[in-house]
Amino acid sequence: MKNVNYFNYFFVGFPVFFCLLATFNIGFISIAMLALIPTGIFQVIIGIKMLVDEPQDKNLKIYVVSVFLFFISLVVISKLELYNFLNYVLFGVPPILAFYLSILIYKKAHQ
C-alpha cells in the first residue's frame, strides 16, 4: 500500500508541478491540464480496486459512489444544457474527490 501511496503522490503532484512552472511560462498550463487525465484515471482505478479488496469499507464506498454520481451529473447536465451550473458547482468536485482518496490511501498505507 505504501507503493500506491507514492504513486498517488506522483500523480497528484505532477499537475501541481506544471501549474507552478506555468507561473514562469504560461505554456505549461496546458501540460498541467493534460496531466489531470492520467491522475483521474489512476485515482478511479485505485479507488475501485481498493473497494474490491475491502468491500466493507464505508469510506471507499462513499468515494466510488461520489465518483459515479459526479459522472452521472456530467451526463445529465450535458443533456439538459445547464453549462453554467457545470462551471460553477461541479468545477471543484474532482479536486475534492482526489483529496479524499489521497487521505484514504495515506491512512491505509500508514496503518
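Taken in order, the sequence shown gives residues 4 to 114; the numbers are from the working numbering.
We put the beta carbon where it would ideally sit given N, CA and C, even for glycine.
Return the residue from the list C22, F27, Q59 and F10 that minimises the CA-CA distance to T42. For the purposes of this step, residue 42 is identified with residue 39 of the sequence shown, where counting begins at 1. The residue with the shortest Cα to Cα distance from T42 is F10.
If you draw a straight line from the C-alpha of L39 to the C-alpha of F74, how long is it? Locating residue 39 in the sequence shown gives position 36, counting from the first residue. Locating residue 74 in the sequence shown gives position 71, counting from the first residue. Approximately 16 Å between the Cα atoms of the pair.
What is the rounded straight-line gap between the Cα of D60 and the Cα of I44? On the sequence shown, position 57 is the one that residue 60 refers to. On the sequence shown, position 41 is the one that residue 44 refers to. Cα to Cα, the separation comes out at about 21 Å.
Same chain, Cβ closer than 6 Å to F31, five either side skipped, listed in chain order: Numbered from 1 along the sequence shown, position 28 holds the residue referred to as residue 31. Closer than 6 Å at Cβ, skipping near neighbours: F21, L24 and A25.
Please name the residue, chosen from I29, I51 and Q46, that lies closest to V15 on a Cα-to-Cα basis. Your numbering for residue 15 matches position 12 in the sequence shown. Answer by Cα proximity: Q46.
Distance CB(L100)-CB(S76) smaller than 7 Å: Your numbering for residue 100 matches position 97 in the sequence shown. Your numbering for residue 76 matches position 73 in the sequence shown. No.
Backbone secondary structure at G30 - three-state DSSP: Residue numbering aside, residue 30 sits at position 27 when the sequence shown is read from its first letter. The three-state reading of DSSP puts G30 in coil, since its state is none of H, G, I, E or B.
Measure the CB-CB distance between L63 and L72 and report whether it falls below 7 Å. Residue 63 sits at position 60 when you count from the first residue of the sequence shown. Residue 72 sits at position 69 when you count from the first residue of the sequence shown. Taking 7 Å as the cut-off, the beta carbon of L63 is found no closer than this to the beta carbon of L72.
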